[in-house]
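Q: First, the structure itself, so that you have it in front of you.
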Ligand code: USQ
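In our numbering, the protein residues as written are 10 to 391.
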């Protein structure tokens, strides 16, 4: 297949591009280095040293003999995206090319509006680039479990059957986003759903949980192919942050009681989930939603897992209780359904001490690059 990966320089985008290329697909990627720039602006950097996009695709070509097309432009500019859709003619567009950070979006009005403007406009451009060029193209869009929030009922996969005043319908599951960022993803879902109903777009929304891990089959081939690893207060996510903190002897930053529960998945499973979505496209006019995570954990439970694995490697790690910078439920019900990807063939890579130890060992090789000042939470929801 011909697969266009938007956000192909990122934590997930680059491993996804290599994953599809390694399996014989023709791959093109687009990025504008926004992630690199925003992390640098916040005073941090990827823990793993990463080459620029052109160097990466060149390294991939030299090592594997396979070609990945690389394009640098902003997806908020429609013309280059339209031109690429015409020249590359993808069968599927995998859209990761968005600002992914809740804290970043909560800094102030400027960050909130920039996050929503960037994400919502580039998603609309992607929808129109598909519809204007070839409506057969399947849009595989990275959404988030954080669109649903933490309601006091089971979370369904995208839709819920409701009986109200004697009438029944199947409607989008209610949304209670955790941040301006998560709200941008809710807007994207609404817009994609609209485009599928009105213009016949075929689309899959992957409502992903929190991803962890640093290594995939392809990133492990050569250091030149590594993916980025963020651990700062804005772009680092919980488990990845805890692993880096354990490696440098920083107390694990559990926010509040740590009773917050989320869905998690290993980075390798992200790639497999996207592959399953691409290989089994939605129908014309269908807006599918998959809840993309494999296991649920409380944040405190995760910190304890990291502490135990670190101890087995001879690292003594403390768990801190940091005042929660976010406005969020700290003890709550959480039971989301996640069967659709399993039904398509996903075999989950479950969390284990060995998996955490493996991540800790990779991070140890780069621990001298850690910027300690970037770890403590500075962005608050108040
Ligand atoms: N947390 C801590 N300590 C930390 C970092 C986070 O206790 O050092 C807590 C947060 O308060 C929150 C939970 O861990 O309750 C998850 O926070 P996170 O930063 O790992 O994840 P989140 O902000 O929800 O966002 C991340 C990705 C985002 C994706 C989302 C999936 O950045 O792109 O959409 O995970 S989900 O969480 O399912 O919405």
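We put the CB at the ideal spot given by N, CA and C, even for glycine.
Just verifying my parser: in three-state terms, what is the DSSP assignment at residue 191?
A: DSSP places residue 191 in helix when its eight states are reduced to three.
Q: Which residues in the same chain as residue 230 place their Cβ atom closer than 7 angstroms to its Cβ, once the five residues preceding and following it in sequence are excluded?
A: Hits under 7 angstroms: 72.
Q: At what residue ranges does the stretch 262–308 contain a whole run of the alpha helix (DSSP H), taking only runs of 4 or more?
A: Listed in chain order, they are 276–288.
Q: Measure the CB-CB distance between residue 221 and residue 110 and report whether it falls below 9 angstroms.
A: No, Cβ-Cβ distance for residue 221 and residue 110 is not below 9 angstroms.
Q: Quickly, what does DSSP pair residue 216 with across the bridge? List them, please.
A: DSSP lists 152 and 300 as partners of residue 216.
Q: Taking just the CA atoms, how far does residue 136 sit from residue 163?
A: Cα to Cα, residue 163 sits roughly 31 angstroms from residue 136.
Q: Give me, in chain order, the residues of the same chain whose beta-carbon lies closer than 6 angstroms to that of residue 236; leave out the 5 immediate sequence neighbours on both sides.
A: 20, 23, 24 and 228.
Q: Nearest to residue 335 by CA position, among 314, 387 and 362, is which residue?
A: Ranking 314, 387 and 362 by Cα distance to residue 335 puts 387 first.
Q: Can you name, in chain order, every residue of its own chain whose Cβ lies under 6 angstroms from the Cβ of residue 210, other than the five neighbours on each side?
A: Contacts found: 204.
Q: Under the criterion of a Cβ to heavy atom distance below 8 angstroms, does residue 215 qualify as lining the ligand USQ?
A: No, the ligand USQ has no heavy atom inside 8 angstroms of this Cβ.
Q: Given 8 angstroms as the limit, is there contact between the stretch 376–386 and the stretch 252–268, that is, 3 or more CB pairs closer than that?
A: Contact holds: three or more Cβ-Cβ distances are below 8 angstroms.
Q: Bridge partners for residue 221 per DSSP, in chain order?
A: DSSP lists 275 as partners of residue 221.
Q: Per DSSP, residue 99 is paired with what?
A: None; residue 99 has no bridge partner.
Q: Run the CB neighbour count on residue 77, radius 10 Å, all protein chains shown included, and call it buried at 16 or more, exposed below.
A: That one is buried.
Q: Exposed or buried, what is residue 166 when buried is set at 16 or more other beta-carbons lying within 10 Å of its beta-carbon?
A: So residue 166 ends up on the buried side.
Q: Any chance the stretch 266–278 sits against the stretch 179–199, with 3 or more Cβ pairs inside 8 angstroms?
A: Output reads no: the stretch 179–199 does not touch the stretch 266–278.
Q: Should residue 284 go down as buried or exposed, given a rule of 16 or more other Cβ atoms within 10 Å for buried?
A: With 16 or more Cβ atoms within 10 Å of its Cβ, residue 284 is classed as buried.
Q: Evaluate the contact criterion for the stretch 10–19 versus the stretch 31–39: three or more CB pairs, one atom per stretch, below 8 angstroms.
A: Yes, they touch.
Q: So the beta strand (DSSP E) residue 365 belongs to, where does it begin and stop?
A: Counting along the chain, residue 365 falls outside any beta strand (DSSP E), though it belongs to the alpha helix (DSSP H) covering 362–373.
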